[in-house]
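Notes for the one structure printed next.
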Amino acid sequence: MGKTSKDKRDIYYRKAKEEGWRARSAFKLLQIDTECRIFDGVSKAVDLCAAPGSWSQVLARKLNENYKKALEKGDASPPKIVAVDLQAMAPLEGVIQLQGDITNTNTAEQIIAHFDNTQADLVVCDGAPDVTGLHDMDIFIQSQLLLAALNITTHILRPGGTFVAKIFRAKDVSLLYAQLRIFFPYVYCTKPSSSRNSSIEAFVVCKDYSPPEGYKPHMLNPLLTHEPCNFDELTGINRVVVPFVVCGDLSQPDSDTCYPLDYEGKEYEYHEPVQTPISPPYATALSLLANKDTDFRKADVSVVIENEGPSSISEFKKRALATADRRSHTETSTATKTALDENKDDEVVDVLQNLYISEKSEHVDNN
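Going by full-length UniProt numbering, the first residue of the sequence shown is number 1, and it counts up by one from there.
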């Protein structure tokens, strides 16, 4: 499969490289802003789960635009952006980077310290767990990640601020909406056109942060209850209906459509990804593949075999060789049986020929 195959299948992946974005997710935040105006009046922003940094790029561009407009009107303070992630992220101009855990109080304190002990106007979070393939598990982990992001947001967001985060739309999403409505009077569920229709992801836009009276944020808040709840029985003010907003007009590309490489009449030119992963989990595998002299029997690498527990490469090769031997034995047995069947057929033909010849000889002798 060539380098251009993904460019053909995903127009936003292609456009991200052409326009200098680190990931296609940058278009999601841009389209959310087009519809919901989340950057209006924002000068301090926080990007949670920021790696590889495409949303931080959008924040830097938009906040700098706000700063230039504010300078034209009068006095303005330079924008401040803090990006937080557990993984290392390549540097970005105008973005302060913190490698830390969003469930740790120290991380919240460091963010506020970078804002000179003031709070942020906007907090965004595009974090998602590594997909396991078990949908219920993925949805649950994503809900916990969203609540962790909401929890640290209550420490660092000023009253009246805005919170934007990824959410998985599932059967219990109403519980998350209700919890968000505790802190934000305006909650919207948005779906950017750059987000694939086949994906259950959406983004909640929560405006006008207004914590409950007497609320004191700390990292031990049990925000998500595990008790079953029948939402069909909720009526009136107890039933929360969150508006669903589609972001991006019909003139924009469809994320599920394959477009030709000369889309919009522009001559196609392949672009490498703007920022490759710094320490991807598959780096060890790539290094082993690059080194042709690697003896995989001695490689200290664990692999996971489907429906089996983790094992070493040597154990995997032993099982593979055993399977190959069984197949070879089966094929040999089949070939032997076929050869025997063919020999039997030849013997039958020989017998028939001998019978024919003997009958012919007897007929000649009788004459």
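Using N, Cα and C, we set each Cβ at its ideal position, and we do this for glycine too.
Contact set for residue i: own chain, Cβ-Cβ below 7 Å, skip 5 residues either direction
i, result
"Asp85", "Cys49, Ala50, Ala51, Gln99"
"Gln9", "Looking at the sequence itself, residue 9 is Arg, so the reference to Gln does not match. Result list for Arg9: Cys258, in chain order."
"Asp208", "Gly160, Phe184, Pro185, Tyr186"
"Glu201", "Lys166, Phe168, Ser195"
"Ile38", "Ile32, Leu122, Thr162, Val164, Val205"
"Ala70", "Ala76"
"Arg20", "Arg is not the amino acid found at residue 20; the sequence shown has Gly there. Cβ neighbours of Gly20 beyond the five flanking positions: Val274."
"Ala90", "Gly53, Gln275, Ile278"
"Phe78", "One detail in the question is off: residue 78 reads as Pro in this sequence, not Phe. Excluding positions up to five away in sequence, the list reads Tyr67."
Rounded separation between residue i and residue j - CA only
i, j, result
"Thr154", "Gly94", "24 Å"
"Thr105", "Pro253", "41 Å"
"Tyr67", "Val82", "16 Å"
"Val304", "Pro273", "Confidence at Val304 is low in this model, with a pLDDT of 49, below 50, so the placement of that residue is unreliable and no value is reported for it."
"Val173", "Leu180", "11 Å"
"Cys206", "Lys80", "21 Å"
"Gln31", "Asn291", "44 Å"
"Ala178", "Ala322", "56 Å"
"Gln275", "Glu18", "12 Å"
"Thr190", "Cys36", "9 Å"
"Arg24", "Ala16", "5 Å"
"Asp116", "Phe27", "31 Å"
"Ala88", "Asp325", "46 Å"
"Lys198", "Pro280", "First, the residue type needs correcting, since residue 198 is Ser and not Lys in the sequence shown. Rounded to whole angstroms, Ser198 to Pro280 spans 26 Å at the Cα level."
"Pro129", "Lys73", "43 Å"
"Glu109", "His218", "12 Å"
"Leu147", "Leu175", "11 Å"
"Thr103", "Ile156", "13 Å"
"Glu315", "Val46", "47 Å"
"Ser210", "Tyr188", "16 Å"
"Ile111", "Thr34", "27 Å"
"Glu65", "Leu29", "16 Å"
"Phe203", "Ser251", "21 Å"
"Glu264", "Lys318", "54 Å"
Spatial neighbours of residue i in its chain, beta-carbon cut-off 8 Å, leaving aside the 5 residues before and after
i, result
"Pro212", "Ile182, Phe183"
"Thr107", "Val84, Leu98, Gly100, Asp101, Ile152"
Burial state of residue i (16 or more Cβ within 10 Å)
i, result
"Leu134", "exposed"
"Ile278", "exposed"
"Val131", "exposed"
"Asp136", "exposed"
"Lys266", "exposed"
"Gly160", "exposed"
"Arg14", "buried"
"Thr162", "buried"
"Lys216", "exposed"
"Ser255", "buried"
"Tyr270", "exposed"
"Pro192", "buried"
"Arg22", "buried"
"Gly248", "buried"
"Lys171", "exposed"
"Gly127", "buried"
"Tyr12", "buried"
"Leu286", "exposed"
"Tyr282", "exposed"
"Thr225", "Residue placement at Thr225 is flagged as unreliable, the pLDDT there being 43, under the threshold of 50; the coordinate-derived value follows with that caveat. Counting Cβ neighbours within 10 Å, Thr225 comes out exposed, since fewer than 16 surround it."
"Leu145", "buried"
"Leu289", "exposed"
Beta-carbon contacts of residue i that lie in its chain and below 6 Å, excluding the five residues immediately before and after
i, result
"Cys125", "Leu48, Cys49, Ala149, Ala165"
"Arg158", "Gln119"
"Leu92", "Gly53, Ser56"
"His114", "Val82, Ile96"
Bridge partners - residue i, DSSP secondary structure assignment
i, result
"Val82", "Val46, Ile96"
"Pro192", "Cys247"
"Thr132", "Looking at the DSSP assignment, Thr132 forms no beta bridge with any residue, so it has no partner."
"Tyr186", "Lys207"
"Thr162", "Leu122"
"residue 399", "Outside the shown range of the chain (1 to 367) lies residue 399, about which nothing can therefore be said."
"Leu157", "Ala120"
Tell me, please, whether the stretch 120-130 touches the stretch 28-43 by the rule of three or more beta-carbon pairs shorter than 8 Å.
yes
Decide if the stretch 133-147 is in contact with the stretch 54-62; the criterion is three or more beta carbon pairs, one per stretch, under 8 Å apart.
no
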